[in-house]
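Chains as they are written, first to last, in my numbering: chain A, 7 to 445; chain B, 7 to 445; chain C, 7 to 445; chain D, 7 to 445. All residues carry an ideal CB built from backbone N, CA and C; glycine is no exception. Because the structure is a prediction, the values reported are computed rather than measured. Each remark here refers to the structure printed beneath this line.
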C-alpha cells in the first residue's frame with residue numbers, strides 16, 4: 007500500500023509521529039493491553055503479553071480494515087496471534103471496536119495536548135515578555151482597516167496572549183474519557199464475567215492505566231466528549247492562527263511593524279529572490295482556516311442514531327485526528343513565530359504619523375466636549391481634521407475657544423504619543439499573569 | 007421596510023420574542039442604560055433617562071444601519087434625542103459600537119439560556135422519569151443498522167438524557183462577559199474621564215448591572231467568548247437533535263417503538279390523511295443539522311485582524327443570534343417531545359424477536375468460550391445461528407457439548423429477555439442523578 | 007407574533023422585499039395558482055381564483071406552521087377558503103407540501119437572480135472600465151503579504167472582474183427546476199386524474215407558467231438542484247466578497263491605494279470622528295464569510311432518506327433563503343463599491359518604491375541568467391538586493407559583468423515601472439470582453 | 007519521517023495510489039516537465055530531461071517544505087540537480103510555486119475523475135438495470151419516517167440513479183484549467199523571454215501537454231476553479247452517500263428490504279458473530295458526512311487577498327486533495343454496493359402491509375373526492391382509517407355512498423398493490439436513459 011499522506015502538504019513539525027497512523031495503532035494496542043492488564047488483576051488471565059506495537063504490520067491492518075470498515079477487527083486478530091495461548095481468548099473480551107478506537111483517539115488527544123504543552127508554554131512566556139517589553143510602544147489601533155486611535159504594541163500582544171491563554175486552558179481542561187461499553191454500551195459481557203461491581207472496577211482500572219477519565223457513562227452515541235474536544239482544538243488553533251495573522255500582517259511590506267528573524271533557507275520563494283516570507287505565521291493562518299470545517303463535521307456527529315450509527319461515527323475519526331495534527335503543528339509553528347518575532351517601533355511610530363494627528367480625534371473631542379459640550383467639540387474637531395496637521399490645529403482651536411488650563415493640558419496629553427494608553431497596563435498585567443499561571 | 011423573517015420557516019416557539027430584532031434592540035438599550043447608570047454613580051451625569059426601548063423605531067434604525075454598517079450608530083442618535091439635555095452628551099461616552107453590540111448579544115444569550123432553563127429542566131426530569139420507568143423494558147441494541155445485542159429502553163433513554171445533561175451544563179456554565187473597551191480596546195476615553203481605577207470600577211459596575219461577567223480583559227478581537235458560547239449552543243442543539251432523531255426513528259412505521267401523543271392539528275400532512283408525523287422530533291433534527299455550519303462561521307471569526315476586522319466581526323452576528331434562536335426553539339420542541347413521548351414495549355419486544363434469537367449470539371458465545379475456548383464456542387454459535395431458532399439451538403448445542411450446570415444456567419440467563427442488562431441500572435442511576443442535579 | 011428579523015443586523019438593501027417571508031409566501035401562492043391554472047387548462051376546474059397574496063395573514067400562517075412543521079399546510083387552508091366553491095377542492099390537488107415549498111424557493115431564487123442582474127451588470131461594466139483605464143497604472147504585486155513583483159492596477163481589477171464574471175455566469179446558468187411529484191414523488195394522484203400523458207403535460211404547463219425548468223425527474227430527495235444552486239450562490243458571494251476584501255485592504259490607512267468616495271452619513275463611526283470606513287466593502291467581506299457554513303448545510307442535505315427525510319429537508323430552507331439574501335445584498339453592495347471606487351496611482355507608485363527597487367529582482371535575475379547562467383545571476387542579484395537602491399546597483403553589476411547591449415536594455419526595461427506588464431494587456435482584454443458578454 | 011496517513015482510518019480503495027503524496031509529487035514533476043517540453047519547442051532548451059518521479063526522495067522534499075511553506079521549492083532544487091546542465095537553468099523558469107502546485111492538483115483531479123469513470127459507469131449501469139427490473143416491485147413511500155403512499159423499488163432506485171448521473175455529469179464537466187501566471191500572475195518573465203505571443207503559445211502548449219484547460223485568465227487568487235471543482239466533488243460524494251444511506255437503511259434488521267451479498271470477511275464485527283454489516287454502504291455515508299466541511303473550507307478560500315494570500319491558498323490544498331480521495335473511494339465503494347445489492351420484494355410487500363391499507367388513503371380520498379367532494383371524501387376516509395383493514399372498509403364505504411361503477415373500479419385500482427405507480431415508468435425510463443448517456 008502506498009502511504010496517502012507523508013507530509014508533503016503539511017509542514018514537518020513532528021505531528022505525524024505524535025498522531026499519525028503508527029501512533030494511533032500504538033494507542034489502540036495500549037487500550038487492548040490496559041484492558042488485558044485489568045483482566046489479569048481481576049484474575050481472568052494469568053498475565054499480559056508484552057506486545058510490541060512497532061512490530062505490527064500497519065499496512066496489512068490498514069488493508070484488512072476495509073472488510074469490517076474499521077482497523078480494530080484485523081488488529082485484534084493480530085494481537086491474538088501475538089499473545090500466548092492462555093491469554094489469546096481474553097484479548098478484546100467484552101469490548102467492541104468502538105471502545106478501542108474511541109479510547110485510542112482520546113489517548114492520542116491526551117498525548118498530543120501533552121506534547122503541545124511545552125511549545126505553548128514558550129509561546130505564553132514569549133508573548134508575555136514581549137507584551138511587557140512593549141507596553142509603552144505606541145502603535146495605531148485600527149478598525150475596519152482604518153487607523154482609529156493609538157494603542158500600544160504591548161496591549162495588542164496582550165490581547166493575542168489572552169487568546170492563547172484562554173483557549174489553551176480550555177483545551178487543556180477538556181475531559182478525555184475512556185470509552186468502554188461493549189457491543190451496545192451495556193457492558194453486558196464483562197458483567198457476565200465479573201459481576202456488576204467487578205465490571206465497574208475493571209472500567210475504572212482501565213481508565214486509570216491509560217490516564218483517561220473514568221466516566222460512569224458510556225458515550226458511543228453521546229458524542230459530546232468528541233465535540234467538546236474538537237471545538238476546543240479548533241478554538242485554540244484559531245487563537246494561534248490569529249497570532250499568525252497579526253504577524254503576517256504586521257510584516258507586510260507597507261506596514262513593517264513586525265517581522266520574523268528567519269534563518270537560512272526559511273521564508274524563501276521559488277521565484278522571487280528578495281522575498282522573506284513569514285512562513286510559520288502564514289501556516290498558522292492556514293491551519294486556522296481549516297479548523298472550522300473539521301469542527302463542523304464533528305458537531306454534526308452529535309446526530310448519532312441507535313447504539314452505533316451507520317457512518318456518522320466513522321465520519322468523525324479523520325476530522326478529530328486532523329484537528330489534533332493541526333493543533334500540534336500550530337503549537338510548534340507558534341513557538342517558532344514567538345521566538346523569532348521582532349517588533350519595529352520606528353515603523354509603528356512612523357505609521358502612526360500617517361494621519362497627521364487625526365488619529366487622536368476621538369480623545370481630543372471627548373476632552374473638549376467636557377467643557378464645550380459634545381456638539382461644539384465635534385464641530386471644532388471636524389474643522390481641525392480638515393487642517394494639514396491635526397494636533398496643532400486642535401490646540402489652536404482650544405486656545406481660540408478659551409478652554410481652561412487643565413483642559414488644555416489634558417488635550418496636550420491625549421494627543422501625545424508614547425506610554426501606556428487607557429487601561430493598557432492593567433490589561434497587560436492581567437494577561438501576563440494569566441499566561442504565567444497557565445503554563 | 008418589509009420584515010425579512012417573521013417565522014414562516016421556523017416554528018412558533020417564542021424565540022423571536024426572546025432573541026429577535028426587537029429583543030436585541032432592547033438589549034442594546036439596556037447596555038447603554040447600564041453604562042449611563044454607572045456614569046451616574048461615578049458622578050458624571052446627574053441621573054439616567056428611563057428610555058422606553060419598545061418606543062424606538064426599529065425600522066428606521068435598521069434602515070439607517072447601512073451607512074455605518076451597524077445599528078448602534080443610529081441607535082445612539084435616537085437615544086441621545088430621547089435623553090434630557092443634561093445627559094445626552096454622556097450617552098455612549100467612551101464606548102464604541104462593538105462594545106454595545108457584543109455586550110447586547112451576550113445579554114441576549116444570557117436571557118435565552120435563562121429562558122431555556124425551564125423547558126430543559128422538564129426535558130431532564132421527563133427523560134429521567136421515563137429512563138427509570140423503562141429500566142427493564144427490553145429493546146434491540148443496534149449498530150450500523152443491524153440488531154446487535156439486547157439493551158433496555160431505559161439505558162437508551164439514559165444515554166439521551168446524559169447528552170442533554172452534559173451539554174446543557176456546559177452551555178449553562180459558559181462565561182458571558184461584558185465587552186467594554188472603547189474604540190480600540192484601550193478604554194482610553196473613560197480613563198481620561200475617571201482615571202484608571204475609576205474606569206475599572208465603571209466596567210465592573212456595568213457588568214454587574216447587566217449580570218454579565220466582569221473580565222479584566224477586552225475581547226474585541228479575542229473572539230473565544232463568542233466561539234465558546236456558539237459551540238456550546240451547537241453542541242446542546244445537537245444533543246436535543248439526537249433526542250429528535252431517536253424519537254423520529256423509533257416512530258417509523260416499521261419500528262413503532264416510540265411515538266408522540268400528538269394533539270389536534272399536530273403532525274398532519276397536506277396530502278396524506280392517515281399520517282401522524284412526529285413533527286417536533288423532526289424539527290429538532292432539522293435544527294441540529296443547521297447548527298454545525300453556523301458554529302463553523304463563528305470558529306472562523308477567531309481570525310480577527312487589528313482592533314476590529316473589516317468584516318469578520320460583522321459575519322458573526324447573525325450566526326450567533328441564529329444559534330440562540332435554534333437553542334431556544336429546540337428546548338421548547340424537546341419539552342414537547344418528552345411530554346408527549348410514548349414507549350411501546352410490545353413493539354420493542356416483537357422487534358427483538360426478528361432475528362429469532364441470534365441477537366443473543368455475542369453473550370452466548372462468551373459464556374461458552376469460558377468453558378470451551380473461544381474457537382470452539384464460535385463454531386457452535388455459528389452453527390446455531392444457522393438454525394431456525396437460535397436459543398433452543400444453542401442450548402441443545404451446549405447439552406451436546408456437555409457443558410456444566412452453571413454454564414447452562416448462565417446460557418439460559420443471557421438468552422432470556424427482560425430485566426437490567428449488564429451495567430444498565432448503574433448507568434441509568436448515574437444519568438438520572440446527574441440530570442436531577444443539573445436542573 | 008414578533009418578527010424575528012427586520013434587518014437590524016443586515017443592511018437595508020431590499021433583500022427582504024425580494025426574498026423575505028412575504029416574498030416567499032407570495033411565491034408559494036404563485037405555485038398553487040399556476041397549478042390551478044394548469045388544472046383549468048386540463049378541464050378539471052372551471053377557472054382560477056385571483057388570490058391576493060398580500061392579503062394573506064402571514065403571522066397566522068407562520069404560527070399555524072408549527073403543527074405540521076411547515077407553512078404550506080395552513081396556507082392551503084387559507085387558499086381554499088379564499089377560493090370559490092367550484093375551485094376550492096382542486097386547490098393543492100395532487101400536490102404535497104414539499105412541491106409547493108421547493109418550487110417556491112426555486113421561484114424566489116429565479117427572482118433574486120433576476121433582481122441581481124442589474125447591479126451585477128453595473129459591477130461588471132464598472133470594473134471593466136476601471137481595469138481598462140488602469141492598465142498602465144503600476145502597483146506592487148504582493149504574495150504572502152510581501153511585495154513580490156510589479157503588476158498593474160488594471161490586471162488586479164481584471165482578476166477581480168474575472169471572478170465576478172465567471173461566478174455570476176455560473177450562477178445565472180444554474181437550472182431552477184419545478185418540484186412536482188406529489189406525496190412520495192410518483193405523481194400518482196395527478197395520473198389518477200389525468201392519465202400519464204395528462205399529468206406529464208400538467209407538470210410541463212406549471213413549470214412554464216412559473217418560468218422554472220421542466221425536468222422529467224423529481225428531486226424530493228435528490229437534492230442536487232438545491233446544492234448546485236446554493237454552492238453557486240456561495241461562490242458568487244465569495245467573488246463579490248473578494249472585491250470587498252481588496253477594496254477594504256487597498257483603503258487601509260497605510261496603503262491608501264484604493265478608497266470609496268463615500269456620501270453623507272456613510273462610513274461614519276460611533277466613536278471616531280476622523281474615520282471613513284469603507285462600509286459596503288466591509289459588508290461584502292462579512293457576507294462572504296457567512297456563505298461557506300450555509301452552503302455546507304445544503305451540501306449535507308444530499309443525505310436525504312426515504313421519500314422525505316425527517317429533518318434534513320427542513321434544515322435546508324433557511325440556509326438556501328439566507329444565501330439568496332446574501333447574494334442580493336452583495337450584488338447591491340458591490341454596485342455601490344464599484345460606483346464609488348477610486349484608485350490612487352500616487353500611492354500605488356509610492357508604495358512600489360518601498361523596497362527601493364528590490365521588487366524588480368525576479369525579472370532582473372532572469373534577464374541576467376540568460377547570459378550569465380542562473381547561479382551567477384542569482385549571486386549578482388543577491389548582492390544588489392543588499393545595496394541601498396536595487397536598480398542602479400543591478401545595472402552597475404551588469405556593466406561590471408560586461409553584459410551585452412540588448413541585455414542591458416532589457417535590464418533597464420524590466421526595472422522600469424509603468425505600462426503593461428507581461429501578459430497584462432491580454433489578460434485585461436479577455437476579462438473585459440468576457441464581462442461585457444456576461445452582462 | 008513517519009508517514010502521517012497510511013490508510014488506517016480510510017478503506018483500502020486505491021485512492022492513495024491515485025491522489026496520495028507520491029501521486030501528487032509525480033503530478034508536480036509532470037507540470038515541470040510539460041513546461042520544459044514547451045520551452046524546448048520554443049527553442050529555449052535543447053531537450054527535456056526524462057525525470058523519474060518515482061526516484062525522488064519524497065520524505066526529504068516533505069521535510070524541506072517547511073522552510074518555504076510549500077513542497078515546490080525543494081522539488082525544483084531536486085529536479086535541477088537531476089537535469090543535464092544545459093537544461094537545469096530552465097527548470098521552473100518563469101514559474102512560481104503556485105503554478106506548479108495548483109496545476110498539479112488539477113492534474114490529480116483529472117486523473118482521479120478519470121479513474122472514477124469506470125466504477126461510476128458500473129454504478130450507473132447496475133442501478134439502471136435494477137431500477138428497470140424492479141419497476142413493478144411495490145414498496146412503501148415514506149416521509150418523515152412514516153409510510154405515506156406506495157411507490158416502487160424501481161422509482162426509488164431511479165431517483166438514486168438520477169442523483170449519481172446528474173452529480174457525476176456535473177463533476178465530469180468541470181473545467182480543470184492550467185495555472186501559469188508566474189510570481190504575481192503577470193507571466194512577465196516568460197513574456198520577457200518569448201514575447202507576448204510566445205508566452206501565450208507556451209501556456210497553451212503546456213496546458214495541451216497536461217490535458218488541462220487553457221484559460222486565458224490566471225486564477226492565483228480567483229479561486230472559483232477550485233471551488234467549482236470542490237463543490238462538484240462534494241455533491242457527487244453526497245449522491246453516492248445517499249446510495250449508501252438508502253442501502254444501509256433498507257438493510258436494517260427491521261426493514262430487510264435491501265441488503266448486500268457480502269463475501270467472506272466482509273461485514274463482520276469484532277464482537278457480534280451474527281452480524282452482517284453493510285460496510286461499503288456505511289462508508290459511503292461516512293464520506294458524505296465529511297464532504298461539506300471540506301467544501302466549506304474551499305468556498306471560504308474565495309476570499310484571497312493580493313496576488314497570493316498569507317494562508318488561505320495553503321488552507322485549500324488538503325481539503326481539495328481529501329475531497330478527491332473521498333470521491334475516488336466513494337466511487338469504488340458504490341461500485342461494490344451496486345454489484346452486491348439485493349432487493350427483497352417479500353419484505354417490501356410485507357412492510358407495505360403494516361398499515362393495513364391506510365397507506366392507500368391519499369389516493370382513495372382523491373378518487374372519492376371527485377364524485378363526493380373533498381369534505382365528504384375526507385370524512386369517509388377518516389372513518390375507514392379507524393377500521394382494522396382500510397381497503398375493504400373504504401370499499402364498503404363507497405358502496406354505502408353509492409358511488410358509480412367507474413369510481414368503484416378506480417377505487418379498487420388505487421388500493422391494489424403492484425405494477426407501476428403514477429409516472430413511475432416515465433421517471434424510471436428517463437433516469438435509465440440519462441444514466442446510459444452519462445456512462
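Beta-carbon neighbours of residue i, restricted to chain C and to distances below 7 Å
i	result
residue 150/D	314, 316
residue 230/D	169, 172, 173, 241, 245
Within chain A, the residues that residue i reaches when beta carbons sit closer than 7 Å
i	result
residue 449/C	Outside the shown range of chain C (7 to 445) lies residue 449/C, about which nothing can therefore be said.
Which residues DSSP lists as bridging residue i, in chain order
i	result
residue 148/B	153/B
residue 451/C	Because chain C here runs from 7 to 445, residue 451/C falls outside it and cannot be looked at.
residue 183/A	219/A
Straight-line gap, residue i to residue j (C-alpha atoms, nearest Å)
i	j	result
residue 60/C	residue 28/C	8 Å
residue 326/B	residue 300/B	7 Å
residue 205/C	residue 188/C	11 Å
residue 152/C	residue 429/A	34 Å
residue 444/C	residue 82/B	43 Å
residue 116/A	residue 349/C	53 Å
Residue i: contacting residues in chain B (beta-carbon distance under 7 Å)
i	result
residue 459/A	Residue 459/A lies beyond the residue range present for chain A, which begins at 7 and ends at 445; the question has no answer from this structure.
Neighbour list for residue i in chain A, Cβ cutoff strictly below 8 Å
i	result
residue 306/C	306
Chain-ordered chain B contacts of residue i [CB-CB under 9 Å]
i	result
residue 284/D	150, 151, 152
For the 8 Å Cβ check, are there 3 or more pairs between the segment 267 to 275 of chain A and the segment 245 to 259 of chain A?
-> In short, these stretches do not touch, since the Cβ pair count stays below three.
Does the pairing of the segment 22 to 32 of chain B with the segment 190 to 198 of chain B give three or more beta-carbon distances under 8 Å?
-> Here the segment 22 to 32 of chain B does not lie against the segment 190 to 198 of chain B, with fewer than 3 beta-carbon pairs under 8 Å apart.
Name, going along the chain, the residues of the segment 366 to 392 of chain D whose beta-carbon falls closer than 7 Å to a beta-carbon of chain B.
-> Answer set for the segment 366 to 392 of chain D: 367, 368, 371, 384, 387, 388, 391.
So, do the segment 327 to 343 of chain A and the segment 348 to 362 of chain D have three or more beta carbon pairs nearer to each other than 8 Å?
-> The segment 327 to 343 of chain A, when compared against the segment 348 to 362 of chain D, does not touch it at the 8 Å Cβ threshold.
Would you list, in chain order, the members of the segment 250 to 271 of chain C that have their beta-carbon closer than 7 Å to a beta-carbon of chain A?
-> Interface annotation for the segment 250 to 271 of chain C against chain A: 254, 255, 257, 258, 259, 260, 261, criterion Cβ-Cβ distance under 7 Å.
Would you be able to state if there are at least three C-beta pairs under 8 Å between the segment 232 to 241 of chain C and the segment 172 to 181 of chain C?
-> Short answer: they touch.
Could you say if the segment 270 to 287 of chain C and the segment 87 to 106 of chain B meet the contact criterion of at least three C-beta pairs nearer than 8 Å?
-> Contact holds: three or more Cβ-Cβ distances are below 8 Å.
Counting Cβ pairs, one atom from each stretch, are 3 or more of them under 8 Å apart for the segment 135 to 146 of chain D and the segment 303 to 314 of chain A?
-> Below 8 Å, too few C-beta pairs join the segment 135 to 146 of chain D and the segment 303 to 314 of chain A to call them touching: fewer than three.
Listed from N- to C-terminal order along the chain, which residues in the segment 351 to 364 of chain D have their beta-carbon within a distance smaller than 7 Å of any beta-carbon of chain B?
-> Within the segment 351 to 364 of chain D, the residues whose Cβ lies closer than 7 Å to some Cβ of chain B are 357, 360, 361, 364, listed in chain order.
Residues in the segment 69 to 90 of chain D with C-beta within 7 Å of chain A's C-beta atoms, listed in sequence order?
-> For the segment 69 to 90 of chain D, which is checked against every Cβ of chain A, the residues closer than 7 Å are 69, 71, 72, 73, 74, 75, 77, 78, 79, 82.
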